[in-house]
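The structure appears below as structure tokens.
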Amino acid sequence: DAGVTQSPTHLIKTRGQQVTLRCSPISGHKSVSWYQQVLGQGPQFIFQYYEKEERGRGNFPDRFSARQFPNYSSELNVNALLLGDSALYLCASSLTGQINSPLHFGNGTRLTVT
Amino acid sequence: AQSVTQLGSHVSVSEGALVLLRCNYSSSVPPYLFWYVQYPNQGLQLLLKYTSAATLVKGINGFEAEFKKSETSFHLTKPSAHMSDAAEYFCAVSVSNNNNDMRFGAGTRLTVKP
Numbered sequence: 002d003a004g005v006t007q008s009p010t011h012l013i014k015t016r017g018q019q020v021t022l023r024c025s026p027i028s029g030h031k032s033v034s035w036y037q038q039v040l041g042q043g044p045q046f047i048f049q050y051y052e053k054e055e056r057g058r059g060n061f062p063d064r065f066s067a068r069q070f071p072n073y074s075s076e077l078n079v080n081a082l083l084l085g086d087s088a089l090y091l092c093a094s095s096l097t098g099q100i101n102s103p104l105h106f107g108n109g110t111r112l113t114v115t
Numbered sequence: 002a003q004s005v006t007q008l009g010s011h012v013s014v015s016e017g018a019l020v021l022l023r024c025n026y027s028s029s030v031p032p033y034l035f036w037y038v039q040y041p042n043q044g045l046q047l048l049l050k051y052t053s054a055a056t057l058v059k060g061i062n063g064f065e066a067e068f069k070k071s072e073t074s075f076h077l078t079k080p081s082a083h084m085s086d087a088a089e090y091f092c093a094v095s096v097s098n099n100n101n102d103m104r105f106g107a108g109t110r111l112t113v114k115p
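Same order as they appear, the protein sequences are chains W and U.
One point on numbering: in this note's numbering, the residue at position 80 of the first sequence is 81, and numbering is uninterrupted.
One point on numbering: in this note's numbering, the residue at position 27 of the second sequence is 28, and numbering is uninterrupted.
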């Protein structure tokens, strides 16, 4: 079975631009979470979606938004990009989004903002 | 709020030697604790998790961790290091039934010398 797939793998954007990152969960998984991993740090939680509803949001500005589609895939949008948004963006899926349902991570999208 | 501290950003061991990666947590309620491994240019993979069952948790690839409430610790060990264990290791904590508020440590980079 395919794992969590993210696209694109790398992206270079200019300050002020907007970006959309995509994630396809493992087949059968209904929950998708997004994390930001700045170089040299651990991942930070951005959003969780379950059955197309937002279940949780981390401490990120409103420039960050996300949605989940009927097929459970998800998009993360970031507007008005700042240099500090440069990071590895990780998507993780799980069956139910509950603590006993392990997170399965994709390989991430490396975003560079210049 | 819950948090974890990983002691030592870099750990170097010889092949065949004991691996010990340290993690201390802070939480006002009984936590769920996790160890993840990240290989270069990849997402995170779950090694093991503590969810209030047995305090000694066995994971994949020969790793195990012991939950010690008195020491607020959840250190990761492996009796004999392999070259393939070289990676970044992250400790994480959650206090809710959802996996959407997982807090990760800054990570420990493990190097294995031949």
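Cβ atoms here follow ideal geometry from the backbone N, Cα and C, with glycine treated the same way.
- The shortest C-alpha to C-alpha distance from L22(W) to any of R16(W), N60(W), A67(W) is the one to A67(W).
- The secondary-structure analysis by DSSP pairs G60(U) with nothing; it has no beta-bridge partner.
- Those residues of the stretch 37-50 of chain U placed with their C-beta closer than 9 Å to a C-beta in chain W are Y37, Q39, N42, Q43, G44, L45, Q46, L47, K50, ordered along the chain.
- Judged by beta-carbon spacing, V38(U) lies beyond the 9 Å limit of E72(U), meaning their Cβ atoms are not closer than that value.
- In summary, A54(U) is exposed, with fewer than 16 beta-carbon neighbours lying within 10 Å of its beta-carbon over all protein chains present.
- For the pair of segments examined, the stretch 58-77 of chain U was found to touch the stretch 26-41 of chain U: the number of CB pairs separated by less than 8 Å reaches three.
- With its beta carbon less than 9 Å from one in chain W, D102(U) belongs to the interface.
- Boundaries of the beta strand (DSSP E) around T109(U): 109-114.
- The C-beta of F106(W) comes closer than 9 Å to at least one C-beta of chain U.
- If you draw a straight line from the Cα of K59(U) to the Cα of T78(U), it comes to about 10 Å.
- About 6 Å separates the Cβ atoms of S94(W) and S32(W), confirming a contact at the 8 Å cut-off.
- Against S95(U), the close residues of chain W are I100, in the order they occur along the chain (beta-carbon pairs closer than 9 Å).
- By the neighbour-count criterion, in which 16 or more other beta carbons inside 10 Å mark a residue as buried, M103(U) falls on the buried side.
- DSSP, read as helix, strand or coil, puts L84(W) in helix.
- Non-local beta-carbon contacts of V14(U) in its own chain, meaning distances under 8 Å to residues more than five positions away in sequence, involve V20, A82, L111, T112, V113, K114 in chain order.
- Counting C-beta atoms within 10 angstroms of its own C-beta, V39(W) has fewer than 16 neighbours from the protein chains shown and is therefore classed as exposed.
- Straight across, the Cα-Cα distance linking L82(W) with T110(W) is about 15 Å.
- With respect to chain W, the C-beta atom of Y26(U) has no partner C-beta closer than 9 Å.
- Counting only Cβ-Cβ distances below 8 Å, Y33(U) has contacts in chain W at I100, in chain order.
- Around the beta carbon of Q18(W), fewer than 16 other beta carbons sit within 10 angstroms, so the residue counts as exposed.
- Here G59(W) has Q45, F46, I47, F48 as same chain residues with Cβ atoms under 8 Å from its own Cβ, once five neighbours each way along the sequence are excluded.
- With a threshold of 16 other beta carbon atoms within 10 Å, K50(U) meets it and is buried.
- Going by DSSP, K14(W) is part of the beta strand (DSSP E) stretching over 11-14.
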